[in-house]
Structure formats: structure tokens, C-alpha cells
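Residue numbers (the numbering used here), protein chains in the order written: chain A, 1 to 57; chain B, 1 to 349.
Where a beta carbon is used, it is the ideal one built from N, C-alpha and C, also for glycine.
For clarity, every value in this text was computed on a predicted model and none was experimentally measured.
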Amino acid sequence: MTAPLPHRGPRRPPRVTAEWWKVAGVVLATAVGIAGLVLVAYVVVIFIALANMGSNK
Amino acid sequence: MTARMRILILLARPAVVVLFGLFAATGVAEAGGASRTVLLAKALVPTIAFLVFCVVVNDLSDEAIDRVNLPGDRRRPLAAGLCGRRELTVVGVTAATIAVTASAALHRPAVAVTTAGLALGAAYSLRPVRIADRGAVASLLLPAGYVAVPYLLGVMAVRGSVTAADLRLLGGLYAGFIGRILLKDFRDVRGDALFGKRTFLVRHGRRATCAFSATCWVAGSLILAGVRGFDAGLGTALGVYLVAALGLLGALSVDGGARRDERLISAVAIIARGTVVTIIAHLSMTDAHWSGAVQRSVMFGLVLVVLGPARTMVRRGPVSRLTVPAEWARQAAPGPSAVDHALSAGRRG
């Protein structure tokens with residue numbers, strides 16, 4: 001008679017899924033961060049460099 | 001999420017973000033689109049993404065050097081231990097993807113410009129090429145990418161072709177930027193020498209670096225004299241900036257300590273940014289057909305606005321945002337020792 005198989009306990013979620021969520025978070029944070037930097041650069045450049053810009057009208 | 005965005009903002013160095021934005025604005029103004037601010041916004045997206053990519057790649061490759069030069073500096077999150085290499089790699093890949101995708105929204109050559117800039121940024125820092133270790137070549141190629149990419153993206157936000165006048169202005173900005181970027185090696189000289197990074201300063205020393213920087217400033221100013229609609233007002237402004245920069249470089253050629261170096265180099269950076277702003281103002285006013293007297297008044301005001309902070313920087317240095325709370329200082333200060341008590345008791349006795 002063979003020994004019973006050891007009980008493995010509840011199944012844990014695969015590590016790959018957790019890694020992908022982390023990568024997605026970094027990608028999203030990068031995209032939002034770049035958008036924020038673009039906004040900052042746009043506002044600053046507008047105020048500093050284009051504030052004395054004339055109109056063609 | 002918030003922590004990662006904060007790291008990204010620290011990584012990108014806001015002052016460099018503004019500088020790249022100014023180069024892009026110069027390109028937009030040169031192409032005649034100064035009054036169409038939407039075009040500037042379109043050019044800024046691939047420009048900033050390109051900057052983030054270059055900074056990430058540089059930080060990944062210079063982690064060991066940054067641990068020596070800038071220990072604990074939060075602007076180097078990898079060296080300061082704020083994030084891991086894998087995370088930073090994902091940031092770099094994402095930034096490159098955004099840069100190429102966003103440049104496709106401009107005129108067609110913008111994609112080629114962005115791709116070439118990304119390739120240069122990678123080759124500058126990554127082995128086996130690692131242009132950063134090649135002294136004079138690094139000093140010539142890095143400014144080419146840092147100036148040309150934002151500037152050309154700005155031009156290509158307006159039109160799909162580049163003229164000889166565009167390239168002439170690019171040449172003037174490029175020469176001036178070489179002169180400025182050589183000075184950044186002063187801060188990193190100790191770590192660079194330790195790790196065998198043969199920058200121009202490590203190879204040739206302080207005086208030669210300042211002399212070469214001064215030569216680049218003169219060459220850049222002479223080339224900028226060919227900018228569209230050049231007049232006496234712009235010429236006077238550029239001349240004043242040049243004299244001020246040469247004076248600062250002359251002072252920097254004498255070793256007066258790291259803090260003095262930092263003050264002088266920061267003042268040179270202020271004048272360099274002021275030069276770019278003055279060029280943008282000139283192109284904008286020319287396109288708007290402002291009268292000569294008004295243009296000269298604006299130029300005079302800009303010169304004052306630039307030289308004032310530069311002078312303050314030389315005299316007082318950069319203002320630190322970090323101050324030690326008074327309570328901490330009191331707690332850290334040593335109290336009277338037993339010897340002091342004994343001495344005072346002896347005096348009373």
C-alpha cells in the first residue's frame with residue numbers, strides 16, 4: 001500500500017501575474033509622469049518664453 | 001504609483017525639462033509657429049519622453065559612478081536605492097515607445113529624428129559603444145542630440161522640411177551648449193577619475209576645459225548673429241551675455257573650491273538659458289512685426305532679468321531647500337561637559 005500524497009495546501013496565484021501587474025503599474029506611472037512633465041514644460045515655457053509674444057493680427 | 005511618479009520627476013531634472021522645452025520652443029518659433037502654442041505642446045511630448053529615456057539609460061549605466069559622486073542624491077534614484085534596475089528599465093522602454101509614437105503625430109521626418117536621438121542616447125551610455133568614455137567625442141555628440149532632437153521636433157511640429165536658416169540657428173545653439181555641458185564635468189570629476197571615465201576635464205584639466213568652453217561660447221554667439229532678422233538689439237543682448245559668460249569662465253579657470261565652482265557654473269547656466277529665451281523672444285517679435293523700439297526695450301528687459309539672477313548666484317550660490325529645524329540643532333549641540341563645570345567652579349572658588 002502506498003503512502004498517501006502530502007496535502008499541498010491552497011493554490012497560490014502564479015508569480016508571473018503579480019509581476020505583470022507591477023510592470024503595468026510602472027508603465028502607467030511613466031506615461032502619467034511624462035504627461036505631467038510635458039504640462040509643466042508647456043506652462044513654464046509659455047510663461048517664460050512666449051509671454052512677450054506678439055499677435056499676427 | 002505616486003512614489004514612482006515622484007521618482008520620475010526627480011529623475012528628469014526639472015531644469016533640464018525646461019531647457020529641452022526651450023529648445024523645442026526655439027524650433028517652433030524659427031519655423032514661424034510661435035503664435036500656435038498647440039504645436040509646441042505636440043513637440044513637447046516626444047521631447048520629454050526622449051529626455052526621460054536618455055536619463056534612465058544614463059542612470060542605469062552610471063550607477064556605480066553615481067554612488068561615489070552623488071551618494072544619497074534623490075535625483076539619482078537608482079544610486080540612492082529608491083528603485084530597482086528592472087523598474088528603471090521598464091521606465092526607459094516606456095519612454096522610448098511614447099517618444100516614437102508621439103513623434104508620428106508630427107510631420108513625417110520627426111520619427112526619424114526621434115529614433116536617431118534615442119539611438120544616440122543609448123549609444124552614449126551603454127556598452128559596447130559607450131560614447132561617454134570617449135572624451136572629446138562625447139563632448140561633441142551628446143550636445144548634438146540634446147539640442148538637435150528637441151529643436152528639430154519643434155521645427156517639424158510646424159513643417160516637414162528643414163531650411164539652411166534652421167540649421168544655422170541649430171549650429172549656434174549647439175556650439176553654445178557644448179561650451180556649457182563641458183562644465184558639468186566639474187561636479188563629477190572625482191568619481192569620473194576613480195572609475196576611469198575619461199571626460200574632457202579629466203583628460204585636459206581645468207584651464208583647458210574653461211578655454212574650450214569659452215571658445216564654444218564665442219563661436220556660438222557668432223553663428224547666432226546669422227539668425228533670422230538679426231538686429232542691433234539682439235546683437236547687443238548676445239554680446240552682453242557673451243562678455244558675462246567669458247568673465248565667469250575666466251574665474252572658473254582658477255580653482256577656488258567646489259562651492260565656488262558650483263556658483264560660477266550655475267551662473268553660466270542661467271546666462272545660457274537666458275540666451276535661448278532671448279532668441280525665442282526675438283523670433284516671436286520679428287514674426288509679429290513689432291516695432292524696432294519696442295523690440296529693443298524687450299531685449300533690454302530680458303538682459304536685466306537674466307543678469308540679475310546670474311549675479312545673485314555668483315554672490316550667494318544656489319538656495320538650499322533643506323534646512324535643519326532649530327529643535328534638531330539644539331538636540332545635536334553638545335551640552336556643557338563635566339570639565340566645563342569644574343572650570344567654572346574653580347573660577348568661582
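Simplified DSSP assignment, three categories, for residue i
i, result
"residue 21 of chain A", "helix"
"residue 351 of chain B", "An answer regarding residue 351 of chain B cannot be provided, because it is not within the stretch 1 to 349 covered by chain B."
"residue 55 of chain A", "Low confidence applies to residue 55 of chain A: its pLDDT is 40, below 50, so where it sits in the model is not reliable enough to give any reading."
"residue 261 of chain B", "helix"
"residue 147 of chain B", "helix"
"residue 215 of chain B", "helix"
"residue 226 of chain B", "coil"
"residue 233 of chain B", "helix"
"residue 187 of chain B", "helix"
"residue 267 of chain B", "helix"
"residue 142 of chain B", "helix"
"residue 207 of chain B", "helix"
"residue 157 of chain B", "helix"
"residue 44 of chain A", "helix"
"residue 8 of chain B", "helix"
"residue 34 of chain B", "coil"
"residue 106 of chain B", "coil"
"residue 273 of chain B", "helix"
"residue 38 of chain A", "helix"
"residue 129 of chain B", "coil"
"residue 26 of chain A", "helix"
Where the alpha helix (DSSP H) containing residue i begins and where it ends
i, result
"residue 40 of chain B", "37-61"
"residue 103 of chain B", "85-103"
"residue 16 of chain B", "14-30"
"residue 318 of chain B", "Premise fails: residue 318 of chain B is in no alpha helix (DSSP H) and is neither H nor E."
"residue 166 of chain B", "164-181"
"residue 109 of chain B", "109-125"
"residue 201 of chain B", "200-204"
Residue i burial status per 10 Å Cβ neighbour count (16 or more: buried)
i, result
"residue 275 of chain B", "buried"
"residue 203 of chain B", "exposed"
"residue 233 of chain B", "buried"
"residue 47 of chain A", "exposed"
"residue 239 of chain B", "exposed"
"residue 256 of chain B", "exposed"
"residue 263 of chain B", "buried"
"residue 15 of chain B", "exposed"
"residue 284 of chain B", "buried"
"residue 258 of chain B", "exposed"
"residue 150 of chain B", "buried"
"residue 347 of chain B", "Low confidence applies here, because residue 347 of chain B scores a pLDDT of 48, under 50, leaving its location unreliable and the question unanswered by this model."
"residue 46 of chain B", "buried"
"residue 42 of chain B", "buried"
"residue 30 of chain A", "buried"
"residue 121 of chain B", "buried"
"residue 319 of chain B", "exposed"
Inset, instruction - Residues of the stretch 21-50 of chain B with a CB closer than 7 Å to any CB of chain C: list them in chain order, please. - result: Within the model displayed, chain C is absent; protein chains A and B are what it includes.
Inset, instruction - Could you name each continuous alpha helix (DSSP H) segment of 4 residues or more that falls completely within the stretch 277-311 of chain B, going from the start of the chain to the end? - result: none
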